[in-house]
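By the numbering used here, the letter at position 95 of the sequence shown is numbered 1095, and the numbering carries on one by one without gaps.
Note that the Cβ used here is the ideal one computed from N, Cα and C, for glycine as well.
Heads up: the structure comes next, in structure tokens.
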Amino acid sequence: MNWYGIAAIWRFEMGRFFRSILQSIVSPVVSTALYFVVFGAAIGSRMPEIESVDYGAFIVPGLIMLTVLQQSVQNAGFGIYFPKFIGTIYEVLSAPISSLEIVIGYVGAAATKSMLIGLIILVTSLFFVDFSIVHPVLMLAFLVLTSVSFSLLGFILGIWARNFEQLNLVPLLVVTPLVFLGGSFYSVSMLPPFWQNVSLLNPVLYLVSGFRWSFFGTADVPVVASLAAIFVFAGLCLGIVWWIFRTGFRLKS
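Written out as structure tokens, the structure is:
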């Protein structure tokens, strides 16, 4: 394993991340803080507890997951798309580094960025609501697995996209709606039976539910199902990435 090559890609991507602090960190944190003000304070103060959890605290896992998913996809997508756009991807492909090491470098950097932002938002939320984490180790495990799996998705989208419009299309029209409809701001048990069954088809529901369980010990779906959904999704993304490098899809053309 060429750890030097992996570290070089990782350091380059992290350097770009820290050179744009306002866009990379400040913007998502401020946006999430506004969610807390609107949903947690203005609306939450008028809502009853959900599953014995104050509404302001109940939405914390959902808000973190919303930001982590968006940042994972965007960071990984832009990280691999930009070298394609300016033509430096051929230098990476011709370097003495394997396809697996390229993926580890780019996906690892994107996942690190999103996890860092998620932890910052977690700390920020303590200024707005009081809560404790029932399973902190599992919370970190869910955060890592989710960041890595959706960074893989972003990596795939970055290779697939031919322009910046396509790069932003899936996160805007697919990922964000799925997160909002995946129980980020409500419990699925509050929905009518028909819509509860429809919600079970949303893969993001399992991620949000498992992450919320690590905070409060309550979940809309079994934790085992949440973990299974993450591993299945990550495995599917890994299979697509393997196929991309195997065929050179939109990398060598």
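For residue i, count the other beta carbons within 10 Å of its own beta carbon; 16 or more makes it buried, fewer makes it exposed. Which is it?
i	result
V1224	exposed
Q1074	buried
T1146	buried
G1248	exposed
I1021	exposed
Looking only at its own chain, which residues have a Cβ that is under 7 Å from the Cβ of residue i, when we skip the five neighbours before and after it?
i	result
V1107	A1076, V1148, S1151, L1152, F1155
T1067	P1028, T1032, I1117, G1118, I1121
I1080	Y1106, F1155, G1158, I1159
L1227	G1210
Check this for me: beta carbons of residue i and residue j, under 8 Å apart or not?
i	j	result
I1159	I1102	no
V1204	G1182	yes
A1033	D1130	no
F1017	K1113	yes
F1142	G1062	no
F1082	I1059	no
L1069	V1175	yes
F1078	L1167	yes
Among the candidates the options, whose CA atom is the shortest distance from the CA of residue i?
i	options	result
M1014	V1204, G1105, I1230, L1093	G1105
M1190	P1222, E1051, G1062	E1051
P1171	V1030, Q1071, I1021, V1053	Q1071
I1230	F1216, S1184, N1202, A1109	N1202
G1217	R1019, L1126, L1157, V1134	V1134
S1024	E1091, A1110, V1053	A1110
F1115	M1139, T1088, W1242, W1195	Note that residue 1115 is Met in the sequence shown here, rather than Phe. Measuring from the Cα of M1115, the nearest candidate turns out to be M1139.
Measure the C-alpha to C-alpha separation of residue i and residue j and round it to an integer number of angstroms.
i	j	result
V1208	I1086	36 Å
W1213	A1219	5 Å
P1048	V1188	15 Å
N1002	L1178	37 Å
A1161	V1026	27 Å
I1089	L1236	24 Å
With a CB to CB cut of under 6 Å and the five nearest residues on each side skipped, what residues in its chain are close to residue i?
i	result
Y1004	none
L1200	none
F1233	S1149
In chain order, what residues of the same chain lie with their CB nearer than 8 Å to the CB of residue i, ignoring the 5 residues before and after it?
i	result
A1008	G1105
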